[in-house]
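Step one of this worksheet: look at the structure below.
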Ligand code: ADP
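Numbering (my numbering), first residue to last: 569 to 1169.
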């Protein structure tokens, strides 16, 4: 059976995920063309939707004609009037009944096309987010990207459905009304052309004033609820300082400010709402007087007066709807550009075409490595030289800001050396496909990043099939056995959002298990700085030792136990390695490491 995805896919198999980027590039600066491009491959669905829309709406346009014809027949005393009335009745009932299935078909095709484009856009953004460099992600706060995926795509979708639905509606309504009018009476047609823009513009300008006032009121309301939230949070502090009356006074001021804005809004709405209504009605009366006079002079038939009355109302309303649409369109266009910005960003990791590695021993050599961040002139790594042998555990120590995290990010390949080189098994990291290298790498970050799911899912993340024996072994090595055995649901216990139901130490051990199960050759471990009780500390240290055995390990170390257990210690200062050796060697030397230790103890 065809899935929903298959049903939505255009026949030529173009995936909007890929071509939005191309379309955007091609039509850069022409958001409307970009928008049209978004539906490429689905145009036939649009055409069908338009056709169904036309049929579905027919009853609305036909009714005034039918009414006019019936009146004309009656006033002229035509002999076949009775048959005509029967015919028109059947016609109208048929058209009205058609509305239901046609509306369904119209929505079906329209929705397939718009939802498909919307999904494609989201997918394109998601893929791009996965490809963008870590530097890009660090610089762009994640909230902004998230809002791009959700809000901007929605605005683009809003833009396209609005354009489609409203413009189609408006164009068809106005088009039919004008077409019928022009064939029936040129004079009335000219009258419409002159009066409708005036009527529409005056109505909309009054409505805009109301909308502005409305927005102001809403903002004030939001402000008030924010203040109430703040006040509630602050209650213990307020109480402790006996400031209740003060708070009540402040809030009461805010509440009255809102009340005043609301009162003004009511008055403005009463005034402007009725003025807008009156203007519309006056134009209706003018139209009635004009067509009535024409009928009196015999220029048009008496029944056509009702026809023009209802067409005039339709046209005026539709033209004002177009004017109202302008801000929605502007917002959508802005979003098209905002999405395009992300999709066109070239700050992606370049892996394609580079050599892949199918074996990693795990020896590293930093050779006079220099590196600085985009937004910072200063070199963070400043001629770093460091040799790490296969299987060795190296602890990086040094003051905050010395460059330790930068070094481990380089080992992961998040940042690449600008001059000098970082060699892994003798190969320059800049020249290899990092994705192939990272299969042999595991990272235990400073704050364990768990996703909402079970403990098992968090451990085997991205590992595919894992045997129960292997899992058991990893759990034991990560010192998780006792914890898991104590939970009624065991491995299937849900960890809560971001692992919120577990303690910091437990999260870290899960993080270590996640690294262990990949059986990596290289480990990058950023030790948590948070203080732990001695039992947790011991459990974690054992897990870490199990993890790092026989594997090349880089640790940003904060704990004495880790530093002692490391094979080598590198003291980093100002982006260079200033001391290097075993714990005993460095303690004996009484240099930078010795000073650092003395400060901490
Ligand atoms: P450490 O891990 O030793 O505390 P880092 O490697 O985190 O040091 O930082 C070294 C220097 O680089 C610091 O001065 C820090 O402010 C700067 N730095 C770190 N990350 C960034 C970044 N993403 N953009 C700009 N500067 C950064």
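C-beta atoms are modelled at their ideal positions from N, C-alpha and C, and glycine is treated no differently.
List in chain order the residues whose CB is within less than 6 Å of at least one heavy atom of the ligand ADP.
706, 941, 943, 944, 948, 966, 968, 969, 970, 971, 972, 973, 974
Under 8 Å between C-beta atoms of residue 890 and residue 767:
As a position in the chain shown, residue 890 is number 322, starting the count at 1. As a position in the chain shown, residue 767 is number 199, starting the count at 1. Taking 8 Å as the Cβ cut-off, residue 890 and residue 767 do not qualify as a contacting pair.
Taking the alpha-carbon of residue 944 as reference, which of 1128, 1037, 707, 820 has the nearest alpha-carbon?
As a first step, residue 944 is located in the chain shown; it is residue number 376 there, counting from the start. Among 1128, 1037, 707, 820, the Cα nearest to that of residue 944 is on 707.
Would you check if there are 3 or more beta carbon pairs closer than 8 Å linking the stretch 778-790 to the stretch 902-920?
no
Give me the Cβ distance between residue 677 and residue 913, rounded to the nearest whole Å; I'm assuming they're in contact under 8 Å.
One-based indexing of the chain shown puts residue 677 at position 109. One-based indexing of the chain shown puts residue 913 at position 345. Contact flag wrong, Cβ pair sits at about 34 Å.
Euclidean distance between Cα positions of residue 596 and residue 831:
Sequence index remark: in the chain shown, residue 596 carries index 28 (1-based). Sequence index remark: in the chain shown, residue 831 carries index 263 (1-based). The alpha-carbon atoms of residue 596 and residue 831 are separated by roughly 46 Å.
Taking only three categories from DSSP, how would you classify residue 936?
For this step, residue 936 is matched to residue 368 along the chain shown. Strand, per DSSP.
Comparing C-alpha positions only, which one of 938, 1113, 1151, 900 sits nearest to residue 723?
As a first step, residue 723 is located in the chain shown; it is residue number 155 there, counting from the start. Nearest of 938, 1113, 1151, 900 to residue 723, Cα basis: 900.
Provide the residue span of the alpha helix (DSSP H) that contains residue 684, from first to last.
As a position in the chain shown, residue 684 is number 116, starting the count at 1. First-last of the alpha helix (DSSP H) with residue 684: 649-699.
Per DSSP, residue 1122 is paired with what?
Here residue 1122 corresponds to residue number 554 of the chain shown, with the count starting at 1. According to DSSP, which records beta bridges pairwise, residue 1122 is partnered with 962, 1092.
For residue 612, count neighbouring C-beta atoms within 10 Å of its own C-beta (all shown protein chains included) and say buried if the count is 16 or more, exposed if not.
For the purposes of this step, residue 612 is identified with residue 44 of the chain shown, where counting begins at 1. Exposed, since its Cβ has fewer than 16 Cβ neighbours within 10 Å.
Taking the C-alpha atoms as reference points, what is the distance between residue 788 and residue 881?
For this step, residue 788 is matched to residue 220 along the chain shown. For this step, residue 881 is matched to residue 313 along the chain shown. Looking at the two C-alpha atoms, the distance is approximately 36 Å.
Quick check on the DSSP output: the alpha helix (DSSP H) that includes residue 808 runs from which residue to which?
Taking the first residue of the chain shown as 1, we reach residue 808 at position 240. 754-808 is the span of the alpha helix (DSSP H), which, as asked, contains residue 808.
Using the rule of at least 16 other Cβ atoms within 10 Å of the residue's Cβ for burial, across every protein chain shown, is residue 953 buried or exposed?
Taking the chain shown and counting its residues from 1, the one referred to as residue 953 is at position 385. It counts as exposed.
Leaving out five residues before and five after residue 958 in sequence, what residues of the same chain have Cβ atoms less than 7 Å from its Cβ?
Residue 958 sits at position 390 when you count from the first residue of the chain shown. Taken in chain order, the residues that qualify are 929, 930, 931, 1120.
Could you spell out the range, first to last residue, of the alpha helix (DSSP H) harbouring residue 855?
Within the chain shown, the letter at position 287 stands for residue 855. Per DSSP, residue 855 belongs to the alpha helix (DSSP H) from 812-864.
Taking 8 Å as the limit between beta carbons, can you name the residues of its chain near residue 1162, skipping five residues before and five after?
Along the chain shown, one-based indexing puts residue 1162 at 594. So the list reads 1154, 1155, once near-sequence residues are dropped.
Do residue 1078 and residue 1016 have their C-beta atoms within less than 8 Å of each other?
Taking the first residue of the chain shown as 1, we reach residue 1078 at position 510. Taking the first residue of the chain shown as 1, we reach residue 1016 at position 448. Yes, the Cβ-Cβ distance between residue 1078 and residue 1016 is below 8 Å.
Going by DSSP, what residues sit across from residue 1021 in a beta bridge?
Along the chain shown, read from residue 1 onward, the residue named residue 1021 stands at position 453. Beta-bridge pairing links residue 1021 to no other residue.
What three-state label does DSSP hand residue 1057 in the structure shown?
By one-based count along the chain shown, residue 1057 stands at place 489. Reduced to three states, the DSSP call for residue 1057 is coil.
Segment limits, alpha helix (DSSP H) that includes residue 1070
By 1-based counting over the chain shown, the position of residue 1070 is 502. No alpha helix (DSSP H) holds residue 1070; DSSP gives it neither H nor E.
Under the three-state DSSP convention, the category residue 868 falls into
Numbered from its first residue, the chain shown carries residue 868 at position 300. In the structure shown, residue 868 sits in coil (DSSP, three-state: anything other than H, G, I, E or B).
Hey, quick one: how far does the beta strand (DSSP E) through residue 642 stretch, first residue to last?
Here residue 642 refers to the residue found at position 74 when the chain shown is read from its first residue. Per DSSP, residue 642 belongs to no beta strand (DSSP E); it is in the alpha helix (DSSP H), 611-644.
Cβ contact (3+ pairs, closer than 8 Å) linking the stretch 1079-1088 and the stretch 1036-1048:
yes
Give every residue of the same chain whose Cβ lies closer than 8 Å to the Cβ of residue 653, excluding the five residues on either side of it in the sequence, and list them in chain order.
To locate residue 653, count along the chain shown from 1; it is residue 85. Hits under 8 Å: 638, 641.
Could you round the C-beta distance between residue 975 and residue 1140 to whole angstroms and report it? I think they count as a contact, below 8 Å.
In the chain shown, residue 975 corresponds to position 407, counting from 1. In the chain shown, residue 1140 corresponds to position 572, counting from 1. So it is a contact: roughly 7 Å between Cβ atoms.
Measuring alpha carbon to alpha carbon, tell me which of 1128, 618, 1091 ends up nearest residue 1009.
Your numbering for residue 1009 matches position 441 in the chain shown. For residue 1009, the nearest C-alpha among the options comes from 1091.
Can you give me the C-alpha to C-alpha distance between residue 699 and residue 1007, rounded to a whole angstrom?
As a working mapping, residue 699 is identified with position 131 in the chain shown. As a working mapping, residue 1007 is identified with position 439 in the chain shown. For residue 699 and residue 1007, the distance between alpha carbons rounds to 17 Å.
Considering just the uninterrupted stretch of the alpha helix (DSSP H) at residue 1156, what are its terminal residues?
The residue given as residue 1156 occupies position 588 in the chain shown. Per DSSP, residue 1156 belongs to the alpha helix (DSSP H) from 1151-1157.
DSSP three-state assignment for residue 987, whether helix, strand or coil:
On the chain shown, residue 987 is found 419 positions in, with the first residue counted as 1. In this structure, residue 987 counts as strand in the three-state DSSP scheme.
So residue 771 and residue 795 are in contact, right, with Cβ under 8 Å, and what is the actual spacing, rounded?
As a working note, residue 771 is residue 203 in the chain shown. As a working note, residue 795 is residue 227 in the chain shown. With 8 Å as the limit, residue 771 and residue 795 do not qualify as a contact, their Cβ atoms being about 37 Å apart.
Roughly how many whole angstroms lie between the Cα atoms of residue 855 and residue 872?
As a first step, residue 855 must be located in the chain shown, where it is residue number 287. As a first step, residue 872 must be located in the chain shown, where it is residue number 304. Whole-angstrom Cα-Cα distance: 12 Å.
Identify whether residue 994 lies in helix, strand or coil by the three-state DSSP scheme.
Looking up residue 994 in the chain shown gives position 426. It is coil, neither helix nor strand.
What do you reckon, are the CB atoms on residue 682 and residue 725 nearer than 8 Å?
Mapped onto the chain shown, residue 682 falls at position 114. Mapped onto the chain shown, residue 725 falls at position 157. Cβ atoms of residue 682 and residue 725: closer than 8 Å.
Specify, as a first and last residue, the run of the beta strand (DSSP E) that residue 1047 falls within.
For the purposes of this step, residue 1047 is taken as residue 479 along the chain shown, with counting starting at 1. From DSSP, residue 1047 is part of no beta strand (DSSP E); its letter is neither H nor E.
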